[in-house]
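Q: Please read through the structure below; I'll follow up with questions.
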Amino acid sequence: MDLLTDILHEAGLKRRLLDLRSLDAQTPLQFPCEKSMGLHVVTRGRAYIHSASLQEPIALEAGSVVLMARGCTHVLSTSPNYDPAQVRSVTGDLAAIPLAYSPSPGTSTLISGAYQFWHDPVHALFREIPAWFVLDGQSLSKFHPLTLTIGLLDEELSKPSMGGQTIIYGLLDVIFTYLVREMVDQQGHARAGWSQGVADLQIRKAVTVMHEDPAYAWTLEELAKHAGLSRTLLAERFRRTMGDTPLSYLRTLRVQKAMTLLSEADHTLEHVARAVGFSDAFSFSKVFKKIVGQSPSDFRRQAKLDQASPWKMRAG
């Protein structure tokens, strides 16, 4: 079981290509991030990120990548200062994105994407994502996987050919996944949380079996057996590294899975409850509302409204 892939899938992640262009000094771009994690890859030149939450702009050199948490609305420009009157808002209109272009001398080239959610994910991983996570291209070796991937992206942008759109989308996904993986590795050394928990191989074994079958009626004793620990030691290490208990983590997994089921089909609440491991709809609804802040019925109605939005969930 690939834990990261499973978490991103259950969160309902949808990729949208927001912009692909040569960025000139006259056209700063504003990126809304209400429902998404943003991603910028600078393939040539230099760009700056401006936001009310930043004390000073973030400088991005060629080969740099940055991941923005949800809600981090920002402006991208080619200089530390820009004219607010010249800012253009990026709407994510895929039809308007030029997938083939020739950069002018002196411009910066970049690709920008958004990874949107059908709903607000409740998994602990998403609480660990910092507002701004930057990997400086100058700090990466020329053989680092991200460096090589960005090189392939730059090659595809500068020499467009048949199948280029598929390649660009695929490379964007690779870069996004490498960024999240790097973020997990760094967070695992910083503080207690999901990233630190799965860095412990025995705790990861217990987490993995819960992800493989969240509907199963796991007991602490069974999880401890899979982890190769006593019940007491599993409970202590799980709480110390993850900041949670094993059975509380399991309930969150079940609710996240239920959010997907409620979003995708008109199953009865009883069906959803049993599908994710609850004995009945009443107990399921109680836990769901405690974790999500909405009843399952209210959540389903909101999910349908979000899915009907003409731009929020458009995937590239």
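Note that my numbering gives residue 214 to position 146 of the sequence shown, counting from 1, and the numbers run on in steps of one. C-beta atoms are modelled at their ideal positions from N, C-alpha and C, and glycine is treated no differently.
Can you find at least 3 beta carbon pairs, one from the segment 247 to 266 and one from the segment 184 to 199, that sit closer than 8 Å?
A: Yes, they touch.
Q: When we look at the beta-carbon of Phe-367 and count the other beta-carbons within 10 Å, is it buried (16 or more) or exposed?
A: The residue in question, Phe-367, is buried, as its Cβ has 16 or more Cβ neighbours within 10 Å.
Q: From Ile-271, His-187, Arg-369, pick the residue whose C-alpha is nearest to that of Arg-308; which is it?
A: Residue Ile-271 is the option with its Cα nearest to Arg-308.
Q: Determine whether the beta carbon atoms of Cys-140 and Ser-157 lie at a separation below 8 Å.
A: No.
Q: Please state if the CB of His-339 and the CB of Leu-71 are separated by a distance shorter than 8 Å.
A: No; because the gap between Cβ atoms is not below 8 Å, this pair is not in contact.
Q: What residue range is occupied by the uninterrupted alpha helix (DSSP H) comprising Val-277?
A: It spans 269 to 280 - the alpha helix (DSSP H) in which Val-277 sits, taken as one unbroken run.
Q: So, with DSSP's three-state summary, where would you put Trp-262?
A: The answer is helix: DSSP assigns Trp-262 an H, G or I state.
Q: Within this structure, are the beta carbons of Pro-364 and Lys-325 separated by less than 8 Å?
A: Going by C-beta atoms, Pro-364 is not nearer than 8 Å to Lys-325.
Q: For a test of the three-state rule: what should DSSP assign to Ala-164, helix, strand or coil?
A: Residue confidence is low: Ala-164 scores 41 on pLDDT, short of 50, so the model does not pin down where it sits. Its coordinate-derived value is still stated next. Ala-164: helix per DSSP, three-state reduction.
Q: Under the rule that 16 or more other beta-carbon atoms within 10 Å means buried, what is Ala-376, buried or exposed?
A: Ala-376 is exposed by the Cβ-count criterion.
Q: Mind checking whether Arg-299 and Leu-288 have CB atoms under 8 Å apart?
A: In this structure, Leu-288 lies closer than 8 Å to Arg-299 by Cβ.
Q: Tell me the DSSP secondary structure of Glu-387 in three-state form.
A: A query on residue 387 cannot be resolved here, the shown segment of the chain reaching from 69 to 384 and no further.
Q: With 16 as the cutoff for other CB atoms within 10 Å, does Pro-166 come out buried or exposed?
A: Because the pLDDT at Pro-166 is just 49, under 50, the model does not fix this residue reliably, and the value given afterwards should be weighed accordingly. So Pro-166 counts as exposed.
Q: Assuming Tyr-183 is part of the beta strand (DSSP E), what are its boundary residues?
A: Here the beta strand (DSSP E) through Tyr-183 covers 176 to 184.
Q: Answer with buried or exposed for His-77, where buried requires no fewer than 16 other C-beta atoms within 10 angstroms of its C-beta.
A: Result: exposed.
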